[in-house]
Amino acid sequence: QVRLVQSGGGSVQVGGSLRLSCAASGSIFSIARSGWYRQPPGKERELVAGVVGGGAANYTDSVKGRFTLSRDHARNTMYLQMNSLKPEDTGVYYCSTYWRGRNFWGQGTQVTVSS
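Numbering (the working numbering), first residue to last: 82 to 196.
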């Protein structure tokens, strides 16, 4: 069983920055496939950034150059630094990790970008 607890998020104006955190109950981020997803209002959940084990992160085109996924293995925590935020970045953001045949999810956190 993996428990993911998110923090961060909130409301920001266009061009602002936010950082999301995802703390895991164990040393999972160094070995599992993990990532950040978001669900815009009225739309389906989409992958924003993903990483496998110790590899480099990949990003969906709309956030490349603005978002950065990072991990602190000593703290079992994964981050999503979001810069130059746009209204279309608004949504509920979830961290996730896939381990031993199961997807585990954080509780979700709202990000609202206003113009």
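Backbone N, C-alpha and C define an ideal beta-carbon position, used for all residues, glycine too.
Residues sharing a beta bridge with residue i, DSSP
i	result
N184	Y179
A104	V86, T158
F148	M163
T190	Y174
Terminal residues of the beta strand (DSSP E) in which residue i lies
i	result
V95	No beta strand (DSSP E) holds V95; DSSP gives it neither H nor E.
L85	85–89
E127	127–133
Inter-residue Cα distance where the pair is residue i and residue j
i	j	result
V43	L101	A query on residue 43 cannot be resolved here, the shown segment of the chain reaching from 82 to 196 and no further.
L166	Q188	22 Å
W179	S92	The question names Trp, yet the displayed sequence has Tyr at residue 179. Rounded to whole angstroms, Y179 to S92 spans 29 Å at the Cα level.
H154	Y160	11 Å
S195	Q162	18 Å
Top-ranked residue by Cα proximity to residue i, from the options
i	options	result
R30	R126, F185, K124	The shown model of the chain, from 82 to 196, leaves out residue 30, and the question about it has no answer.
T190	S108, P121, R114	P121
T158	S98, G90, S106	S106
S108	G135, Q162, S143, E127	G135
A113	S177, R147, S98, S196	S177
D142	R152, V173, L128	L128
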